[in-house]
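K.L.:
Following my numbering, the numbering of the sequence shown begins with 1 at its first residue and continues without gaps. Heads up, the beta-carbon is just placed ideally off N, CA and C, and yes, glycines get one too. Before we start, here is the structure in question, set down as structure tokens.
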Amino acid sequence: MADRVTNASYVKWPTFEEIKEMFKEHFIMDRREDGVVTVRMHCKGGPLIWSMELHDAIGKMWRLLGTDRETEMIIFTGTGNIWVTDFEAASWAPEGDNAGETRYNHMFVDGRRMIITMIQDTEVPTLGVLSGSGGHIELACMCDFCIAADDITVLDPHMLPGTNNVPGDGIQSCFMELMPTRQAVWYLMTGDKMTAEQLLQFGMVSEIVPREKLMDRAYEIADILMAQNRIARRLATQVVRRPWKKRIVDDLDCAFGTEMFGMFCAEELHSELLSMIEYLGLEGKINPPLAGKIR
């Protein structure tokens, strides 16, 4: 066969080590030899504190890892027993100086991309490991598979007094897709708390697992999937994800825009949002402790 000469080269994609370095402030990443990547959210090595910088990073992470041909599965989790309970006030301060630009660039665009890239741009199976208490649980529950620690308490805090935000940034898509409608409306409109057992009852997760066995179970699930044919596994992922794709197309943009409109009307700022620690009954129970000052 004659030498094959083409007129152009493939555009270089970052290596896993380059991606790992790029995102190290937000995610601790590890990859097994079979291509299973674990992505763990963190703040200075401890539990996450929600920031605009992370808001920006999540969508970029899914885009780069999800279309990387050496990545075969992504396990997405948090650090310690906290998921999202607190906002980093200094990070969100620009919203007070220039609300329109900030809410467009860092909320409407970045916030939508967090969900869109996970659902639309990721070619491999995803497993959410809901390891902590708090909000923004759609980041785990909208993965293809989701398991949860047995000792967590979660919620959607948008409609709580002191927050007063419309639940339109993807959490409504998650609840309305997975939960019975009456329960979804209740938890979106009241900010009521859910236990791990309720998450299982409502179909938000497939299993609840003792905390000490959580990651072991995650890798057992990964082993089941990695025993399958590579192409069939990837194609099956796109088939089972179709309801999410339809939900995102029908639901996300308008709902997110409604949330932004509501923030203007209520004159709410993310830098002033209340901590969920007390509401969730977590005082003195955070392990490891949150980094930085908590309001």
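Helix, strand or coil for Thr-71? Go by DSSP, reduced to three states.
P.N.:
coil
K.L.:
What residue range does the beta strand (DSSP E) around Glu-207 cover?
P.N.:
207-209
K.L.:
Under 9 angstroms between the Cβ atoms of Leu-274 and Lys-193?
P.N.:
Taking 9 angstroms as the Cβ cut-off, Leu-274 and Lys-193 do not qualify as a contacting pair.
K.L.:
State buried or exposed for Phe-299, treating a residue as buried only when at least 16 other CB atoms are found within 10 Å of its CB.
P.N.:
No information on residue 299 is available, as it lies outside the stretch 1 to 295 that the chain covers here.
K.L.:
Please report the residue range of the beta strand (DSSP E) in which Leu-130 lies.
P.N.:
126-130
K.L.:
How big is the Cα-Cα spacing for Met-159 and Ala-218?
P.N.:
32 angstroms
K.L.:
Residue ranges of each beta strand (DSSP E) run of no fewer than 3 residues wholly in the segment 130-166, ordered along the chain?
P.N.:
145-149
K.L.:
So what does DSSP say about Gly-46, is it helix, strand or coil?
P.N.:
strand
K.L.:
Whole angstroms is fine: what's the gap from Asp-150's alpha carbon to Glu-197's?
P.N.:
One C-alpha to the other measures close to 7 angstroms.
K.L.:
Under a Cβ-count criterion, where at least 16 other Cβ atoms within 10 Å of its own Cβ denotes burial, should Ile-224 be classed as buried or exposed?
P.N.:
exposed
K.L.:
Between Gln-238 and the rest of its own chain, which residues show a CB-CB distance below 8 angstroms, the 5 nearest in sequence each way excluded?
P.N.:
Excluding sequence positions up to five before and after Gln-238, its CB lies within less than 8 angstroms of the CB of Glu-123, all in the same chain and listed in chain order.
K.L.:
If you draw a straight line from the alpha carbon of Glu-88 to that of Phe-108, how long is it in whole angstroms?
P.N.:
19 angstroms
K.L.:
Near Asp-3, what residues of its chain come up, given a Cβ to Cβ distance below 8 angstroms and the 5 sequence neighbours on each side ignored?
P.N.:
Same-chain partners within the cutoff: there are none.
K.L.:
In terms of residues, what are the limits of the beta strand (DSSP E) holding Ile-82?
P.N.:
Note, Ile-82: premise wrong, no beta strand (DSSP E); not H, not E.
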